[in-house]
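Student: Sharing a structure with you now.
In the UniProt record's numbering, the protein residues as written are 1 to 361.
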């Protein structure tokens with residue numbers, strides 16, 4: 001039987017979001033209804049509100065979430081009612097060319113729930129990243145539910161659903177940071193500071209955090225940066241080189257998503273080093289680099305999609321590290337807020353006052 005819950009809806013480009021009644025249908029085959037316990041406020045939600053992803057308004061926002069499975073549809077075996085899960089937007093299909101090649105973290109056909117949640121008047125909603133978790137309950141594909149240890153804090157665990165996983169994975173998966181490596185991270189918001197934490201977890205010897213905001217650099221030091229660079233004070237490329245014996249870093253992670261900072265990352269790496277782009281650019285941005293420099297410097301230029309994560313593999317492992325005290329996910333929870341405060345949280349996020357505001361239900 002369909003249920004009515006409260007959720008945060010964006011009805012038009014640039015318009016403030018509001019709380020509305022959401023109709024959540026019973027799960028169909030391969031689907032699950034999840035009672036949401038916590039959901040982070042991510043830049044991606046703001047991009048949806050601003051029409052920067054699609055124009056399929058109205059949107060049911062929210063996607064960095066954890067909660068408890070309430071019911072499942074026909075054929076669901078991977079999760080059951082009562083399971084504590086982190087929601088993800090990479091429900092791998094198992095059939096596409098990436099999956100068949102044994103690389104499901106690149107799955108090209110990830111899937112969402114077939115049934116639609118609606119407004120009370122029947123208007124179909126577009127769920128952010130196929131999740132829509134700024135709501136008391138949400139309908140997702142069962143493959144979007146990753147079972148983890150229920151001892152974890154929902155507010156911290158849910159952040160693996162997007163930004164924190166993107167940063168951790170940029171270091172651990174895409175960048176393949178190894179013991180003794182030097183790493184520079186350009187841009188130390190939530191994703192960049194997660195990359196700092198990932199580099200520390202991987203055993204990097206030197207972790208250089210670069211930003212223009214001293215508050216973010218202070219957090220980077222807390223999470224494991226051995227050195228920080230204020231990019232307002234001089235050339236960050238020269239600073240990274242000076243801190244790495246004149247050579248540049250083995251891995252440079254660009255977590256801003258702008259041509260200027262990508263160029264800095266390109267020249268701040270050592271010969272045969274790796275650049276990882278995890279910051280999300282906008283469609284109009286263009287990059288110009290001398291092709292001879294691309295050739296002569298060697299190494300690898302990579303883009304990191306969702307930290308190249310495989311939720312079924314990575315989420316349980318990272319939650320175990322969190323519960324062991326080896327992965328400080330709590331550091332990313334700047335504040336917990338009620339559902340009614342999402343619009344104000346967008347403002348604090350834009351001003352750089354928080355790593356993550358987290359809605360708790």
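Backbone N, C-alpha and C define an ideal beta-carbon position, used for all residues, glycine too.
(1) What span of residues does the beta strand (DSSP E) with residue 116 cover, start to end?
(2) Grab me the residues of residue 269's own chain with a C-beta within less than 6 Å of its C-beta, minus the 5 sequence neighbours each way, in chain order.
(3) Between the alpha carbons of residue 39 and residue 291, how many angstroms are there, rounded?
(4) At what residues does the alpha helix (DSSP H) containing residue 216 begin and finish?
(5) Between 212, 163 and 201, which has its C-alpha nearest residue 187's C-alpha?
(6) Output yes or no for whether 7 Å exceeds the beta carbon distance between residue 96 and residue 113.
(7) Taking all protein chains shown into account, do 16 or more other C-beta atoms lie within 10 angstroms of the C-beta of residue 362, making it buried, or fewer, making it exposed?
(8) Between the alpha carbons of residue 131 and residue 182, how many angstroms are there, rounded?
(9) Am I right that residue 202 and residue 172 are in contact with their C-beta atoms under 8 Å? What's the rounded C-beta distance?
(10) Can residue 31 and residue 141 be called in contact, C-beta distance under 7 Å?
(11) Just list the residues that DSSP pairs residue 39 with in beta bridges.
(12) Taking only three categories from DSSP, how would you classify residue 54?
(13) Would residue 4 be called buried (16 or more neighbouring beta carbons within 10 Å of its own) or exposed?
(14) According to DSSP, simplified to helix, strand and coil, what is residue 145?
(15) So which of 205, 294 and 14 has the shortest CA-CA distance to residue 347?
(16) I'd like to confirm the pairing. Which residues does DSSP put opposite residue 227 in its beta bridges?
(17) If you compare alpha carbons, which of 136, 207, 337 and 233 is closest to residue 21?
Tutor: This is what the structure holds:
(1) Run containing residue 116: none; DSSP gives neither H nor E here.
(2) The residues are 248, 249, 252 and 275.
(3) Between residue 39 and residue 291, the C-alpha separation is close to 43 Å.
(4) Start and end: 214-223.
(5) Of the residues 212, 163 and 201, the one whose Cα lies closest to the Cα of residue 187 is 212.
(6) Result no, Cβ atoms of residue 96 and residue 113 do not sit closer than 7 Å.
(7) As displayed, the chain neither begins before 1 nor continues past 361, which places residue 362 out of reach and without an answer.
(8) Our two residues, residue 131 and residue 182, have alpha carbons roughly 36 Å apart in a direct line.
(9) 6 Å between Cβ atoms; contact.
(10) Going by C-beta atoms, residue 31 is nearer than 7 Å to residue 141.
(11) Residue pairing from DSSP places residue 39 in a beta bridge opposite 65 and 359.
(12) Reduced to three states, the DSSP call for residue 54 is coil.
(13) It is exposed - the Cβ of residue 4 has fewer than 16 other Cβ atoms within 10 Å.
(14) Strand at residue 145.
(15) When each option's Cα is compared against that of residue 347, the closest is 14.
(16) Secondary-structure assignment with DSSP links residue 227 through a beta bridge to 208.
(17) Measuring from the Cα of residue 21, the nearest candidate turns out to be 136.
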